[in-house]
Amino acid sequence: LREGAAAVLRANDAGGWTRPGRDLYPHRWSWDAAFIAIGLAHLDPARAAAELAGVLDRQWTSGLVPHIVYTPGVGPDVYFPDASRWGTERAAAAPIGEPRPSGICQPPVHAVAARRIWQLSRRGDDVRAAIAHLYPRLLSWHRYLAETRDPEGSGLVTIVHPWESGTDNSPRWDDALGRVTAGDDLPPYERADLRHVPDPSMRPTDADYDRYLWLVERLKRVRYDDDAVLRGHPFRVKDVLLTAVLVAANVCLLELADELEASADHKAEIRMWVERSTAALATACDPNDGLCRDRDALGGGSGHPRTVAGFAPLVAGTASPRLARRLVDVLGSADFCGHPDLRWPLPPSTSPADPAFHPRRYWRGPVWPVTVWLLWQGLERLGEHEAAGDLREAALAQAGSVGFPEYLEPFTGEPLGSRDQSWTAAVVLDWLCG
Ligand code: 9WN
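The numbering of the sequence shown is our numbering, which starts it at 454 and goes up by one.
This is the structure we're talking about:
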């Protein structure tokens, strides 16, 4: 299994960086790069640090780390939207020159990766120097999310596009996205994804795509100015899963800050973010079923689908023992891992008990190994070793049987989406070597 996982990362090597998947994804994606770095930390820590630098190098002056760093010369026929569709060259905060960045972000797994690389490298070596070099960028990235993207200081980060959540067409966004109407002046486009994944039932619908592209137009029109976006953008949601990843990443950043003997002010600032978001995640839990819920910053929305994001306080790794226990029970219940028809006891992205569940469609039911990994690391931090061990064991059994697909049908175990997906291989490596 270890050899197989390493072979996937080798096969996806694009020369100095690793593609998320061979055909469907020809650019650097932000959180993919972080997961890939976690896997590579076990094989080649220097290369792992370089994967992280590849996305952090295109950070905006605002602190935003773009969700895609585009490979120069790869056009919209290969992946759409391509770099030119974003128009980020007109954004004051975007970096100039090539490679071009997109104008939105993704969950901040990077500091978790940086911490892993640090642990697996040696005192005084070049890899540690590379991580030390990335530390200020990680700090300003987290400050962007914790402050700029949460102007009310609620502890929950606002996303302005479903792609920012990383869980693109989760039913979590149905309400808020349903209220977005694409304008008649949406420039025409042609999807490239369906060329690589020929079964459209595995991917978002055309109606979803129109709205995704319309949100990009709206961001472009205000030149990605954060104040304008956070005041007037038609899609603004407080994302509990992204917030939880930020908490986990801040805990890692704090450990790095200790190693690097960073200033007491920095550490106090990071600690404040952890505490504020931990409290906000606890408050966002529904007293009836225990699951954590996103909040529409525009005030609308009554749909509360049961999804894997409901376990955000576990992913954060900082929940109170009581809350953690309750969520571990829900995780093991028939609504999630305890469902009797599952091929492996792993959480589907949407609960099979939820009306929005779809076993094959992107983020609406399939099992995504990276979300299992996020849950696993949080459970370990919380001392919930038995629940963590069960997830790891089932995930390794799954990989042993089907390999490293992007996502899987939860009842049959059929591999779906892109085959030989780098981040799936990377988390398997971490499970095997960690
Ligand atoms: C849009 C690369 C990315 C992941 C996301 C996943 C998918 C893109 C797409 O692929 O998103 O960003 O084209 O569907 O949802 O989490 O980072 O693997």
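We put the CB at the ideal spot given by N, CA and C, even for glycine.
Can you give me the start and stop residues for the alpha helix (DSSP H) that residue i sits inside?
i    : result
I612 : Unbroken run through I612 is the beta strand (DSSP E), V610 to I612; no alpha helix (DSSP H).
E483 : Residue identity check: residue 483 is Ser in the sequence provided, not Glu. Where S483 is concerned, the enclosing alpha helix (DSSP H) stretches over S483 to L493.
P740 : Unbroken run through P740: none, as it is neither H nor E.
A840 : H838 to V855
W876 : S875 to C886
E551 : Unbroken run through E551: none, as it is neither H nor E.
L454 : First-last for L454: undefined, no H or E at that position.
L780 : P774 to G785
E504 : P498 to L509
A582 : D579 to R596
A681 : D679 to G685
V768 : A765 to A769
I557 : No alpha helix (DSSP H) holds I557; DSSP gives it neither H nor E.
Y628 : Residue identity differs from the one stated: residue 628 is Asp in this sequence, not Tyr. Segment D627 to G631, the alpha helix (DSSP H) holding D628.
S537 : A536 to W539
Assuming residue i is part of the beta strand (DSSP E), what are its boundary residues?
i    : result
D692 : V690 to D692
Below 8 Å on the Cβ atoms is my guess for residue i versus residue j; work out the distance and round it to an integer in Å.
i    : j    : result
W626 : G516 : That pair is no contact at about 24 Å.
P863 : R814 : Not really, about 12 Å apart at Cβ, beyond 8 Å.
I584 : W571 : 5 Å
V781 : E837 : 6 Å
L799 : L844 : 7 Å
S875 : G474 : 7 Å
L598 : L699 : 5 Å
A702 : V565 : 5 Å
K691 : L707 : Contact flag wrong, Cβ pair sits at about 23 Å.
A717 : C745 : Actually they do not touch by this definition, with Cβ atoms about 32 Å apart.
S537 : V508 : Wrong, their Cβ atoms sit about 20 Å apart, outside the cutoff.
P498 : L587 : 13 Å between Cβ atoms; not a contact.
S618 : L695 : 6 Å
V693 : V727 : Contact doesn't hold; Cβ gap of about 15 Å is too wide.
D783 : D742 : The displayed chain sequence assigns Val, not Asp, to residue 783. Yes, they are in contact, since the Cβ atoms of V783 and D742 sit about 7 Å apart, within 8 Å.
F488 : A879 : 5 Å
Going by the DSSP bridge assignment, what does residue i pair with across the sheet?
i    : result
I521 : W482
Y860 : L869
C745 : C738
V820 : L861
W803 : Correcting the residue type first, residue 803 is Thr in the shown sequence and not Trp. According to DSSP, which records beta bridges pairwise, T803 is partnered with T760.
T471 : D466
How about residue i: is its Cβ closer than 8 Å to a heavy atom in ligand 2?
i    : result
R664 : Inclusion of ligand 2 in the displayed structure is not the case, the ligand content consisting of ligand 1 alone.
For residue i, would you say it is in contact with chain B, using Cβ-to-Cβ distances shorter than 9 Å as the test?
i    : result
N465 : Any reference to chain B falls outside this structure, which holds one protein chain only.
Those residues, in chain order, that have a beta-carbon closer than 5 Å to some heavy atom of ligand 1: The set, ordered by position in the chain, is P473, Y478, W482, D485, W616, G619 and D621.
Alpha helix (DSSP H) runs wholly inside the segment 638-666, at least 4 long, in chain order: As far as the segment 638-666 is concerned, its whole alpha helix (DSSP H) runs of at least 4 residues are 646-649.
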